[in-house]
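Residue numbers (this note's numbering): 72 to 364.
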């Protein structure tokens, strides 16, 4: 299962990573702007998926789930920024949805990275740095085929880093608010005119000649490319894998990202290559299943 702020994706995944069946449910709203109160929607999606499995004659051996929160190495949620959870998901899923089945829980970005490590672009890599750029911005480091969680599950939170002053000295905020799809939309909305939801709409404006939109996309790419180049000096990964709906796209943001990354790593003889994730929107589902093995 891949639990998000707008939808919950659930799928039946074979041991070799093949996605056999997929379904989606909208994520319920909760008070205070949070989602899925008590993880009731998550449990409901799991029950529906198990009903699908019975109907299709598929034997389910375990349940894995990725969540848009920090999750520690023991599968415990340690943040409450997106979901209105009041009990741990393993307890909810084990008691209400899948009694008797083993349940494994991880963060959504580490599930995506694990999916790519086992069955995607990372299969031939001993290690890589994974960036998921979509509505938000998150990241993880994969070592020996496993994402690094850290003590509280907050290891290498790329989106919390500051925007380089060389890119935008007037910006006061973190990288996620500057580079993510949501952040790009908010930055263009602040320039005036009608509200702009996200990066897709800003990209359309840029293609129509909107200078503010073009500048916002370019500086977003410059900021992310610069920070990734700096991280290379610290982590020395074999590659940087770009995932997420925005990360795997193309356009002015990506051109600026590649240029800034090349400039920041110009003194390295062989900087780690930038590679696109290959599993698309199913990476989280496939990786969540891989948590169970």
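Glycine is no exception: its CB is placed at the ideal position from the N, C-alpha and C atoms.
For my contact list, residue i and residue j are in at a C-beta cut-off of 8 Å; report their separation, rounded to the angstrom.
i           : j           : result
residue 294 : residue 234 : 5 Å
residue 210 : residue 227 : 6 Å
residue 343 : residue 364 : Wrong, their Cβ atoms sit about 28 Å apart, outside the cutoff.
residue 311 : residue 200 : 5 Å
residue 297 : residue 331 : 5 Å
residue 362 : residue 182 : 7 Å
residue 246 : residue 208 : 6 Å
residue 197 : residue 118 : About 39 Å; that fails the 8 Å criterion.
residue 177 : residue 146 : 7 Å
residue 303 : residue 338 : Residue 303 to residue 338, Cβ: 11 Å. No contact.
residue 184 : residue 358 : 7 Å
residue 355 : residue 73  : 4 Å
Could you check what DSSP says for residue i in three-state terms: helix, strand or coil?
i           : result
residue 227 : coil
residue 285 : helix
residue 295 : helix
residue 140 : coil
residue 174 : strand
residue 108 : helix
residue 273 : helix
residue 81  : strand
residue 100 : strand
residue 95  : strand
residue 233 : strand
residue 322 : coil
residue 352 : helix
residue 254 : helix
residue 362 : coil
residue 135 : strand
residue 339 : coil
residue 129 : coil
residue 73  : strand
residue 300 : helix
residue 121 : helix
residue 259 : helix
residue 246 : helix
residue 346 : strand
residue 328 : helix
residue 115 : helix
Within the same chain, show all residues whose beta-carbon is closer than 8 Å to that of residue i, passing over the 5 residues directly before and after it, in chain order.
i           : result
residue 242 : 234 and 249
residue 323 : 274, 277, 285, 288, 289 and 292
Near residue i, which residues of its chain fall below 7 Å by C-beta distance, leaving aside the five closest residues on each side in sequence?
i           : result
residue 100 : 106
residue 256 : 267, 268, 269, 270, 272 and 273
residue 157 : 109
residue 321 : none
residue 150 : 140 and 141
residue 328 : 292, 295 and 296
Should residue i be labelled buried (16 or more other beta-carbon atoms within 10 Å of its own) or exposed?
i           : result
residue 238 : buried
residue 128 : exposed
residue 305 : exposed
residue 259 : buried
residue 279 : exposed
residue 265 : exposed
residue 189 : buried
residue 152 : exposed
residue 191 : buried
residue 91  : exposed
residue 170 : exposed
residue 307 : exposed
residue 240 : exposed
residue 263 : exposed
residue 89  : exposed
residue 130 : exposed
residue 77  : exposed
Please go through the same chain and pick out, in chain order, the residues whose beta-carbon is closer than 6 Å to the beta-carbon of residue i, but skip the five residues on each side of it.
i           : result
residue 206 : 252 and 253
residue 155 : 101, 105 and 108
residue 360 : 84 and 135
residue 93  : 82
residue 316 : 205
residue 174 : 134, 161, 164 and 165
Distance cutoff 9 Å, beta carbons only. Does residue i sit that close to anything in chain C?
i           : result
residue 240 : Of the protein chains in the structure, only one exists, and it is not chain C.
Closer than 8 Å: is that where the CB of residue i sits relative to any heavy atom of the ligand PLP?
i           : result
residue 319 : Among the ligands in the structure shown, none appear at all, so the ligand PLP cannot be discussed.
### Length at least 4, wholly inside the segment 144–215: the alpha helix (DSSP H) runs in chain order
The qualifying runs are 160–163 and 179–190.
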